[in-house]
Amino acid sequence: MRIYGDKRSGNCYKIQLLLSLLGKSCEWVDVDIMKGETRAPSFLEKTPNGKIPLLELDDGRVLSESNAIMHYIACNSPYVPSSPYHFSQLLQWQFFEQYSHEPYIAVARYINVYLGLPEDKKAEYESKQAGGYRALAVMEHQLNLTPYLLGDSISLADISLFAYTHVANEGGFDLSAYPAIRNWIQLIKEQKGFIPMKA
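Residues in the sequence shown are numbered consecutively from 1, following full-length UniProt numbering.
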């Protein structure tokens, strides 16, 4: 089993973090997004969508989309709830992450950190702030009720949302008004097997 990914990407970091928390290892193949390596013909042969992370199994089958890969890796582990309701809650948070959180916080971070906040991107950067803060408010509400997003124990929901939330400041988001999120970030950092995201 091997993972193709860029360690600077939050979506790829999710996979690294999950593997480490589970005590699993696999071959990692670096793919540089900034150099356009996801658009190389050899990579597109594996996945026409040209996105990372990409999981390649030993028999050649592949799986894309970070949250789908996480489910494959964590299947039958404590990170995936067994009850239908809690499993559906997990999916709810992962859909939230991809559609209400990442498009704002991750994109703002990308514009600021990797593009250097150029003049022609400032309007787009500013437009991401309101959506990002809305997502943070939703998380803060839940984390005021329970220590983790699904309750008293960590799940894939937390790992999915941790990836970009803990570096939200790099996208211009101030977490000082979100004490429950800050406590949650610390709880995850204290997990056995935790590894930091590559700068």
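Just so you know, even glycine gets a beta-carbon here, dropped at the ideal spot from N, CA and C.
- Gly131 is a Cβ neighbour of Tyr104, given a cutoff of 9 Å.
- Across the structure, Ala177 and Met34 are spaced so that their CA atoms are roughly 33 Å apart.
- Contact check for Leu54 and Lys46: beta-carbon distance about 6 Å, within the 8 Å limit, so the pair qualifies.
- Note: Tyr148 is bridge-paired with Gly151 in the DSSP secondary-structure output.
- Contact check for Phe173 and Leu117: beta-carbon distance about 14 Å, past the 8 Å limit, so the pair fails to qualify.
- Of Gly5, Ser160 and Asn144, the smallest CA-CA separation from Leu63 is found for Gly5.
- Residue pairing by DSSP puts Gly5 in a beta bridge opposite Asp30.
- The Cβ atoms of Val113 and Gly151 do not sit closer than 9 Å to each other.
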